[in-house]
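Q: Quick one: the structure is below, and I'll ask about it shortly.
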Amino acid sequence: MCTICGCESAQHHAPPPGDAPAHQHGHPDMHTRVLQLEQDILAGNNHVAAHIREHLAAHHTLALNLVSSPGSGKTSLLVETVSRLKGRRPVAVIEGDQQTSFDAERIRATGVQAVQINTGKGCHLDARMVHDALHDLPPLDQGVLMIENVGNLVCPAAFDLGEKAKVLVFSVTEGEDKPLKYPDMFQAAGLILLNKCDLLPHLRFDMDKALAFIRQVNPGASVIRLSATTGQGFDDWMGWLEQQCTAA
Ligand SMILES: Nc1nc2c(ncn2[C@@H]2O[C@H](COP(=O)(O)OP(=O)(O)OP(=O)(O)O)[C@@H](O)[C@H]2O)c(=O)[nH]1
Ligand SMILES: [Mg+2]
């Protein structure tokens, strides 16, 4: 575990370029032991994630892991999405934040069930947390489980939560350079939702450059441009969801 932020991700322990390995602190065996610990943590996480995936497959439930930097619009997107889904399919949300139940309350206001996980000093959800939260939800046969991860473009990339895909919410207010600055997260994403497109007229956001950067790190990723505020692009997003549900 990282003593800086409490995170268990391997990324934190990568040596800075041209520098001594992070966390080595002059002890020859320390780096080896840290790497071994990370491998054990990730192996343990993957074991629980595989169990979750089996459980969800048995119920034909589509699970998506929403990741982004803080404030990109994950909860806003989910509020609009679950409002459209409810009544058509069983749907529930697991919310991850370091503190507060604000996001779960926003989901519950739509009439959809939500479980809030507070990670405290942790900067991402792990499979054990999702596993425990599933005990507080009914089975979602032929339905959808949305998992909103902690806002963070680094650590959540490394942790499998048993989801079908990671959906990356990338808002146009963040700048077009993010795919190259945080390539692990953009590589891990099966779908990228380019959010806050209603603000494009007010921003200097180079759309062509952003799309080229996404292609550079993840040539196979689908990209949907939308706005959680105006609903533009939601037909494409709901269509993608429906396809995934059918496949599940
Ligand atoms: N203009 C505009 N604002 C948006 C859009 N989506 C979200 N916002 C605003 O962006 C802010 C953050 O939205 P949230 O949905 O809370 O973002 P989040 O990713 O869930 O944030 P964290 O959970 O804290 O990481 C809020 O003020 C939203 O109203 C959008 O499509 N357009
Ligand atoms: Mg949120």
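Counting in the numbering used here, the sequence shown runs from 212 upward without gaps. Cβ coordinates follow ideal geometry from the N, Cα and C atoms, glycine included.
(1) Looking only at its chain, what residues have a beta carbon closer than 8 Å to the beta carbon of residue 304, apart from the 5 residues adjacent to it on each side?
(2) At a threshold of 7 Å, does residue 441 count as lining ligand 2 (C-beta to nearest heavy atom)?
(3) Go through its chain and collect everything with a Cβ distance to residue 441's Cβ below 7 Å, but skip five positions before and after it.
(4) Who are the near neighbours of residue 235 in its chain, counting only those whose CB is closer than 6 Å to its CB and skipping five residues on each side?
(5) Applying the 10 Å Cβ sphere with the 16-neighbour rule, what's the burial state of residue 388?
(6) Please tell me whether, using a cut-off of 7 Å, the distance from the CB of residue 384 to the nearest non-hydrogen atom of ligand 2 is below it.
(7) Closer than 7 Å to a non-hydrogen atom of ligand 2 - does that hold for the CB of residue 285?
(8) Mapping DSSP to helix, strand and coil, what is residue 436?
(9) Looking at residue 293 and ligand 1, is the gap between the Cβ and the nearest heavy atom below 7 Å?
(10) Can you grab the Cα-Cα spacing for the pair residue 232 / residue 256, in whole Å?
(11) Quick one: using the 10 Å Cβ neighbour count with 16 as the cut-off for buried, is residue 285 buried or exposed?
(12) Restricting to Cα atoms, I'd like to know which of 412, 393, 348 is closest to residue 301.
(13) Determine which residues share a DSSP beta bridge with residue 307 and list them.
A: Checking against the coordinates, here is how it stands:
(1) 289, 293, 315, 318, 323, 324, 325, 326, 356, 357, 358, 359
(2) no
(3) 409
(4) For residue 235, the pLDDT reaches just 46, beneath the cut-off of 50, and the residue's location in the model is therefore unreliable, although a value from the coordinates is still provided. For residue 235, where only same-chain residues beyond five positions count, the Cβ hits under 6 Å are 241, 242.
(5) exposed
(6) no
(7) yes
(8) strand
(9) no
(10) Because residue 232 sits at a pLDDT of 45, beneath the cut-off of 50, its placement in the model cannot be relied upon, and the point is left open.
(11) buried
(12) 348
(13) 328
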